Every structure is written in C-alpha cells, then in structure tokens.
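Notes for the one structure printed next.
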Amino acid sequence: MEEWLDSYDVELLTTGVLALGNFARTDSHCIYMVENKIMHKLLSILAKNNGVDHQMTLQHALLSTLKNLVIPKPNKSAVIEAGLVDIILPMLEIHQPPVVFKLLGTLRMTVDGQEKLAQQLLQNEKLIKQLVHWSKTSEFTGVLGESLRLMAWLIKHAYHANKDLSAADDTGLKKFVAVDGAVASMVGMLTSTHLVMQNEALIALSILSTIFQNKSTDGTKLDELLVHANVGAKLAEQITLNGETMTKEIVDNLQTFVKLLKSSEACAQHLKKHNIDELMKSIPSLVEYCTL
2 MEEWLDSYDV ELLTTGVLAL GNFARTDSHC IYMVENKIMH KLLSILAKNN
52 GVDHQMTLQH ALLSTLKNLV IPKPNKSAVI EAGLVDIILP MLEIHQPPVV
102 FKLLGTLRMT VDGQEKLAQQ LLQNEKLIKQ LVHWSKTSEF TGVLGESLRL
152 MAWLIKHAYH ANKDLSAADD TGLKKFVAVD GAVASMVGML TSTHLVMQNE
202 ALIALSILST IFQNKSTDGT KLDELLVHAN VGAKLAEQIT LNGETMTKEI
252 VDNLQTFVKL LKSSEACAQH LKKHNIDELM KSIPSLVEYC TL
C-alpha cells in the first residue's frame, strides 16, 4: 500500500490513501504509521494537493486518513510538529462539502487536548469567520455541525487546563468574541438536535462567561452579545424540548451557565423574561436530584 503513495497516477494514489485509511482504524495501527513516517508522506502529498483546483476525491481520502491518524493522543504532537495545520488551513478556500466536512473534523481531532494550538486557532480571524459563515449558511448538515463543534472545541481546549479561568489569558477569546456572529453561533448551538452538541455549547459559553465575568468592558460586551443572540429563548427551547432526556452532566453544565448569566444584571433580567427558573424546575433529573 505504501508504495502506491509514490504513484503519479491520481486514481492509484487515491486508492492507496484510502487503503491506508482503512488500515488506520486502530490506535496501534495509527501510531505505527506515524512512527514509521507514513504520515509524512501523506502530508507531503496533501501539501501538493490542497488547492481549490486539485482533485476532490484525493483531498477527501487524505483528510479522512489524517483524521484517523491524529485521534490517538501519542500522535497529536508529532502530527502538529510535522505541519498538519499549516498544510490544511489553506483548504478553507475550498467549498466542496465533503472536503470541508473532513477538513473540519481533522482540525477538531487535532486540537483535542492541545491548549497552545487551540489558542492560536482562536486568534485566526479568517478561520473563525469562515466557521461562523458555514455554521449559518451550509446546506450540508455535517459541515454546519462540524463548524459549530470546532468553535466549541477551540474554546474548551484552549482553557481546559486552567485551574483559575478568571486569571487566564483572554487574548484568543477576545478575538473570537470580536468576530461578528461567533457568540450567536454558540448560543444557537444550544438548540441542536444532538445532546452532545448542546453540552459542548454549554461548556464553551460557560468558559466565555467565566473569563469575562470580572472584566467590566469585555463582560458588558459579552452580555450584550448574549442578550442580542436571545440566549434566554434558546435556553427555554433547549429545556422544553430536551429536559426529559438531559443527562446529569448536561443538567450540571446548564445550571453552571445559568448561574454565570445571573451575575450580570442585563442577563438576569433577560432570563427572568424567558421564565428560565421555572423551566429549570421542570427538568425531571434536576427535580429528582433536589428531592433526594
């Protein structure tokens, strides 16, 4: 299979990449492929084929395989150091949904647990603007979902290791919040049909609220953005439609976020307008937990 990566025949090359992608289905196989530099060959091929005019099937196959390779934790730093991110960021110019879907998934798997990289990407205005655009306009549900999830993961993994979020470096989040529609996209994610995405939105929004809570200028701006995005209505919709199926983790994160919102007078009034306290009491798992 590896020999096919040297082929000048695009179809044979694509077949070879797909075959390696199927091989990269277990952590041990993925680690082997990184340790034996097969990953470097794949990156080299992608670097020569990462433009809008290049073969879509080959790009899709390469991203699919690289996404698998970057999932095991031991592989992440090696793949990042080999230049994966710099090679795939130019592919933001590509708007073919199957390629975009794999591109976003690959980036999301890459930032998992990588605080420094997540911080860097949060400050990439072009990336965040494109993610916001795709999250609002894509007719391909996979691209829409991955755009939202990548934004949420960037926030989470940029700050997950911080014990004291209120003292954390907020450079990345300031740039994120400054992008038109970024906060509104996270608020909109609260009403996703997928519980895992609802939970990711709650975590991201709680991090935003915690970091900006004690910073008056930024905090006021965030409050305005949250109210403008109608966070109260989105929370009400989330609870009404999903309250009975929420896991304890989601309920805990929901409580945390609502508590953070109440520290702002503007947000507290907004939540009151949407009857959030009463709706919270209707969540079965929360009622059961409170009556134990």
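Sequential numbering of the sequence shown, starting at 2, is according to the numbering used here. No residue lacks a Cβ here, since even glycine has one placed at the ideal position from N, Cα and C. Note that the structure is predicted; figures quoted are calculated from it, not measured.
Asked, Found
"In chain order, which alpha helix (DSSP H) runs of at least 4 residues are fully inside the region 70–123?", "74–82, 85–89, 98–112, 116–123"
"Give the single residue among I95, I72, L64 whose Cα lies nearest to the Cα of D113.", "I72"
"Which word fits Q270, buried or exposed, when buried means at least 16 other C-beta atoms lie within 10 angstroms of its C-beta?", "exposed"
"Sorted by chain position, which residues of the same chain lie with C-beta nearer than 7 Å to L255's C-beta, five sequence neighbours on each side aside?", "L203"
"Taking Cβ to Cβ, would you say L347 is nearer than 7 Å to M92?", "Nothing can be reported for residue 347, as the shown portion of the chain is limited to 2 through 293."
"Can the beta-carbon of T58 be found closer than 7 Å to that of G22?", "no"
"L70 and A25 - do their beta-carbons sit closer together than 7 Å?", "yes"
"On the criterion of 16 or more Cβ atoms from any shown chain inside 10 Å, does Y9 qualify as buried, or is it exposed?", "exposed"
"In chain order, what residues of the same chain have a beta carbon less than 6 Å from the beta carbon of L293, not counting five sequence neighbours either side?", "Summary for L293: the model assigns pLDDT 42, below 50, so the residue's position carries little reliability; its value from the coordinates is reported in the next sentence. Around L293: no qualifying Cβ."
"Tell me the rounded alpha-carbon separation between K176 and L13.", "43 Å"
"Please classify Y160 as buried or exposed, where buried requires at least 16 neighbouring CB atoms within 10 angstroms.", "buried"
"Check the C-beta distance from L6 over to L44 and give it rounded, since I have them as a contact under 8 Å.", "Going by Cβ atoms, the distance from L6 to L44 rounds to 11 Å, so no, they are not a contact pair."
"Give, in chain order, every unbroken run of the alpha helix (DSSP H) that is at least 4 residues long and sits entirely within the region 242–275.", "249–262, 266–274"
"Looking at the unbroken alpha helix (DSSP H) that takes in K157, where does it start and where does it end?", "142–160"
"Assuming Q239 and Q199 are in contact, meaning their beta carbons sit under 8 Å apart, how far apart are those beta carbons, in whole angstroms?", "6 Å"
"At which residues does the alpha helix (DSSP H) containing V188 begin and terminate?", "183–189"
"Quick one: residues in its chain with C-beta nearer than 6 Å to the C-beta of P285, no 5 flanking neighbours on either side, listed in chain order?", "E245"
"According to DSSP, is Q214 part of a helix, a strand, or is it coil?", "helix"
"Taking 7 Å as the threshold (C-beta atoms), are V101 and V144 in contact?", "yes"
"If I measure Cβ to Cβ from Q120 and keep anything under 6 Å in the same chain, skipping five residues before and after, which residues do I get?", "A159, G173"
"Could you give the first and the last residue of the continuous alpha helix (DSSP H) run that contains E3?", "Unbroken run through E3: none, as it is neither H nor E."
"Just to confirm before moving on: does the CB-CB distance between L47 and I88 stay below 7 Å?", "yes"
"By Cβ distance, which residues of its chain are closer than 7 Å to Q131, with the 5 residues on each side in sequence left out?", "L93"
"Could you please give the first and the last residue of the uninterrupted alpha helix (DSSP H) stretch that includes D54?", "First-last for D54: undefined, no H or E at that position."
"Alpha helix (DSSP H) containing D28: first to last residue?", "28–36"
"Tell me which residue opens and which closes the alpha helix (DSSP H) that N23 is part of.", "11–24"
"May I have the straight-line CA-CA distance separating S136 from I81, to the nearest angstrom?", "25 Å"
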